[in-house]
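Colleague:
Numbering (UniProt numbering), first residue to last: 1 to 53.
1. Do residue 23 and residue 3 have their CB atoms nearer than 9 Å?
2. Under a three-way DSSP split, which group does residue 51 fall into?
3. Work out the CA separation of residue 40 and residue 49 for me, nearest whole Å.
Right under this line is the structure:
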């Protein structure tokens, strides 16, 4: 999952769509989107050793 600076979000199943042609963001399970968004926020905020957790 990625979120662009424009706010656009993308989510791909790289096993089924290795060329990232069809974003699943609009049809994915909301719980999955929430979980991935939380993980992305943690990675964005981390620095140094805290990024290893």
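Even for Gly, the Cβ is constructed at its ideal location relative to N, Cα and C.
Modeller: Working from what's here:
1. no
2. helix
3. 17 Å
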